[in-house]
Amino acid sequence: MRLGKTNLEVNKNGFGALPIQRRNEKDSIEILKTAYDNGINFYDTARFYTDSEEKLGKAFKNIREDIYIATKTGMESPEEFWKDLETSLKELKTDYIDLYQFHNISFCPKKDDELYKAMLEAKNQGLINHIGITTHKITIAHEALESRLYETLQYPFSYLSGSDELEIVKKCEKLDVGFIAMKAMGGGLLKNSKASYAYINQFDNVLPIWGIQKLSELNEFLSYNNNTKLDENLMSTIENDKKELGDNFCRGCGYCMPCPEEINISLCARMSLWIRRFPTEPYLTEEYQKMMDETQNCLECYACVDNCPYELDIPELLKENYKDYQNVLSGKVKL
Ligand code: SF4
Ligand code: SF4
């Protein structure tokens, strides 16, 4: 597919390189090379994803020109922007980045902002080829599109998405902005990769970047292609998931953290979903019980809520999840 006005021709399976942080170097390189050998040519990473760039650099240093690398900076001052860019180039063992994106920053940089000028200067110097932005906030997504300054927009999109997200996808199509779908598996809560692929396959302008950390996951996506369409079975999976998850669920993005009470919000605020959608037993260990007990320390300061792109009532969600978890532990609720 063509990634909007960047004109990059990319395989419909994009590789999201956040999860390879959790694998050792040897395994990560094996996964990346297998992805490349099977036609995946777009790799999305970020300065923020610890050693992900370094692993990409090691895996691809000899075939740099055969792939597209997208990375990101979350820095908000030109000085820090340049430092990040320099580090990314070094870690990626390259002298250019195909797509450089502002990473979930608190505002949408415009033409006259020093930060955008730095981005443009990097492009003029040939250090980056295309300019993109990633955000979880719908207001920033619209602002970015209306500014006409960005060649791609990275935004959460999956079969759980509603009309607001669909409107963004359409707007991108109209403006010829490449739409990169993050969290296309609902932040880890969707289990059916075929349904996820088939849903996104309906949109010619949407490139999903699957967060892959195992060869088995990679192989699932590699087994799908343009003929993978939504059928009755997949539609019913989607309908069931929509019913089960609703709108009011934590996507696990972690933007609300750290919490001053060190509550693991992204895990605890969706514990009820984990224990229902995946095998329950692993979540009932002492370690998880302790983590859930810590939610009782919530001060209801609401500091986290201000940072949640989905405007979830986090203290309330924590309470609901804790109560449900205790009921499951005591056997009052049987799963
Ligand atoms: S409201 Fe609770 S969970 Fe959120 S930051 Fe405050 S203490 Fe942490
Ligand atoms: S509560 Fe909101 S910000 Fe925090 S992890 Fe969940 S979706 Fe993300």
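Residue numbers (my numbering): 36 to 370. Glycine is no exception: its CB is placed at the ideal position from the N, C-alpha and C atoms.
Kindly give me the distance between the Cβ atoms of H138 and G109, rounded to whole angstroms, as I take these residues to be in contact under 8 Å.
Indeed they touch by this definition, with Cβ atoms about 4 Å apart.
Using 7 Å as the cut-off, classify the Cβ of Y345 as near or not near the heavy atoms of ligand 2, replying yes or no.
Y345 Cβ: within cutoff of ligand 2.
For a test of the three-state rule: what should DSSP assign to P314, helix, strand or coil?
Note: P314 maps to coil in three-state DSSP.
Identify the residues that DSSP records as bridge partners of Y103: which are they?
Y103 is bridged to F77.
Report yes if the CB atom of I387 is closer than 8 Å to the CB atom of G49, and no otherwise.
Residue 387 lies beyond the stretch modelled for the chain, which goes from 36 to 370, so this question has no answer here.
Beta-carbon separation of R312 and K229 under 8 Å?
The answer is no: Cβ separation not under 8 Å.
How long is the line joining the alpha carbons of G51 and Q160, rounded to whole angstroms?
When rounded, the distance between both Cα atoms is 27 Å.
Going by DSSP, what residues sit across from Q189 in a beta bridge?
T169 and I215, per the DSSP bridge assignment.
Within its chain, find whatever has a CB closer than 7 Å to the CB of K206; leave out the 5 residues flanking it on each side and keep chain order.
Result list for K206: L180, in chain order.
Consider the C-beta atom of C294 and the heavy atoms of ligand 1; say whether any pair is separated by less than 7 Å.
Checking the Cβ of C294 against ligand 1 gives yes.
Start and end of the alpha helix (DSSP H) containing Y323?
Start and end: E321 to D328.
Run the CB neighbour count on E126, radius 10 Å, all protein chains shown included, and call it buried at 16 or more, exposed below.
When all chains shown are included, E126 counts as buried.
Candidates D133, E114, S141 and I166: which alpha carbon is nearest E149's?
Comparing Cα-Cα distances from E149 to each of D133, E114, S141 and I166, the minimum goes to E114.
Short of 6 Å in beta carbon distance, which residues of its chain neighbour W117, apart from the five on each side in sequence? Order them along the chain.
Nothing listed; no residue qualifies.
Considering only heavy atoms of ligand 1, does any lie closer than 7 Å to the CB of Y337?
Within the cutoff, so yes.
Which of the three DSSP states, helix, strand or coil, is assigned to F50?
Here F50 sits in strand by DSSP.
Say whether the region 307 to 327 touches the region 260 to 268, bearing in mind that this needs 3 or more beta-carbon pairs closer than 8 Å, one atom from each stretch.
Judged by Cβ distances under 8 Å, the region 307 to 327 makes no contact with the region 260 to 268, as fewer than three pairs qualify.
Indicate whether the contact test is met: 3 or more Cβ pairs, each with one atom in the region 322 to 332 and one in the region 302 to 310, closer than 8 Å.
As far as the Cβ criterion goes, the region 322 to 332 touches the region 302 to 310, which means the pair count is three or higher.
Could you check how far apart the C-beta atoms of I166 and L184 are, in whole angstroms? I think they sit under 8 Å.
Indeed they touch by this definition, with Cβ atoms about 7 Å apart.
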